[in-house]
Amino acid sequence: MDDCKAVASPVDMSSRLVSSDATTKVDAPFREAVGALMHLTTATRPDIAFAVGYVSRFMENPQEEHWVAVKRIFRYLQGTKTHGICYKPSARIDFRGYSDADWAGDLTDRKSTSGVHVHATRCASQLGQQEAAKCFVVHE
């Protein structure tokens, strides 16, 4: 990945990943790569949290398009090596919270994804999850 072409964002928003019932799996270290990315997400790179959570949904049966999405995250990291978190002491603590959700954004099972970001001065904490309930639209 040292010679890969860097990208500006970790996710290609023009494409949607879906689960596959295919019996063949991609011949790549998919789970190991996603595990390494999860470690980066919790340790030093919260900017890739959504992308890593998104590709981790396909750990059971990864296909080629899922592997391409994982490689895109690594390409993003390649271009942002100098980005990081810098903690400095501060006398004032300022708390801010943000949340967002999509409604039935998973095309396979119509589950929603929600996320919360809590920012305390310069320290951040994140939580993202896929909802257990499915969303349905009833039109009469």
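Residue numbers for the sequence shown follow our numbering, so the first one is 455 and each next one is one higher.
Glycine included, every Cβ here is placed at the ideal spot set by N, Cα and C.
- When DSSP states are grouped into helix, strand and coil, residue 501 belongs to the helix group.
- In this structure, the beta-carbon distance from residue 461 to residue 508 does not fall below 8 Å.
- For residue 550, the uninterrupted beta strand (DSSP E) segment begins and ends at 549-555.
- Non-local beta-carbon contacts of residue 473 in its own chain, meaning distances under 6 Å to residues more than five positions away in sequence, involve 562 in chain order.
- Collapsing the DSSP output to three states places residue 496 in a helix.
- Assignment of residue 471 by DSSP, reduced to helix, strand and coil, places it in the coil class.
- In this structure, the CA atom of residue 518 is about 23 Å from the CA atom of residue 565.
- If the five residues before and after residue 485 are omitted, its C-beta is found closer than 7 Å to the C-beta atoms of 513, all from its own chain and listed in chain order.
- DSSP places residue 463 outside both helix and strand once states are collapsed to three, so it counts as coil.
- Taken atom to atom, the span from the alpha-carbon of residue 467 to that of residue 458 is near 20 Å.
- The Cβ atoms of residue 572 and residue 551 sit closer than 8 Å to each other.
- In the structure shown, residue 532 falls within a helical segment according to DSSP collapsed to helix, strand and coil.
- Relative to the Cα of residue 500, the nearest Cα in the group 557, 534, 455 and 456 belongs to 534.
- The alpha-carbon separation between residue 510 and residue 488 amounts to approximately 7 Å.
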